[in-house]
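Peer 1:
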Ligand code: SAM
């Protein structure tokens, strides 16, 4: 994804430590302290501009959510949404997913969402794909036993790769749709990329996979 540099983003992020959590390592093992209510925690890795995670948090007040995004110039839009929405069950983290175990302990997270993750089609970039085996290990290190990953994409190559990666890792494939928008599934909340690509006529793939520990 091409990212437009916004030199003011860092400063604005620092003005809202209650929304984009500053020093997240201090909450490892005690994320409930960040939220009003101690309830299940779902995270979206690669949250982008935050449409999905904001609408999920609005629709599901009995779940806490954290959107995780690498780029400050992208997460700034998610921050602006959260300032407007002021949801007590949503927080953001401006960090790289490779570092998640620095910030979350085993059992801190109940579910992981991956939406329209960057496909990194070149084989030499395989390790950057958020469904690469090293990332599956990272999610396992922070999820509850039997935790789940819910994954959506319009990229057939990435979807096929990810199904193989999940399966080789020993994850149970609970649900697979090769045409999600025509599957009869109710209550789908769309991401920005999902809106854009489905409007262009692209088919949306979705799966739910579960750790068998
Ligand atoms: N999930 C959003 C959606 O569906 O509209 C955004 C999709 S965008 C293609 C993928 C996002 O993942 C980008 O904003 C990118 O910066 C972020 N990302 C990629 N690798 C990441 C990593 N290692 N840690 C955190 N965020 C990452």
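In my numbering, the protein residues as written are 523 to 735. The beta-carbon is built from N, C-alpha and C at its ideal position, and this holds for glycine as well. Keep in mind it's a predicted model, so treat the numbers as computed, not measured.
1) Let's see if you can read the secondary structure: which residues bound the beta strand (DSSP E) around residue 667?
2) Which residue or residues does DSSP assign as beta-bridge partners of residue 565?
3) Could you tell me which whole alpha helix (DSSP H) segments of length 4 or greater appear in the region 571 to 621?
4) CB residue 713 to CB residue 573, shorter than 8 Å?
5) Judging by CA-CA distance, which residue of 659, 595, 577, 654 is the nearest neighbour of residue 685?
6) First and last residue of the beta strand (DSSP E) that includes residue 730?
7) Could you please give me the residues that DSSP links to residue 698 through a beta bridge?
8) Determine contact between the region 692 to 707 and the region 720 to 732, defined as no fewer than three beta-carbon pairs at a distance below 8 Å.
Peer 2: Reading off the structure:
1) Here the question's residue 667 lines up with position 145 in the chain shown. That run of the beta strand (DSSP E) goes 665 to 675.
2) Stepping through the chain shown from its first residue, residue 565 is reached at position 43. Residue 565 is bridged to 588, 634.
3) 573 to 581, 594 to 607
4) Position 191 of the chain shown, counting from 1, holds the residue named residue 713. Position 51 of the chain shown, counting from 1, holds the residue named residue 573. In this structure, residue 573 lies closer than 8 Å to residue 713 by Cβ.
5) As a working mapping, residue 685 is identified with position 163 in the chain shown. Cα-wise, what sits closest to residue 685 is 654.
6) Taking the chain shown and counting its residues from 1, one reaches residue 730 at position 208. Counting along the chain, the beta strand (DSSP E) containing residue 730 begins and ends at 727 to 732.
7) Along the chain shown, read from residue 1 onward, the residue named residue 698 stands at position 176. Answer by DSSP bridge pairing, in chain order: 729.
8) yes
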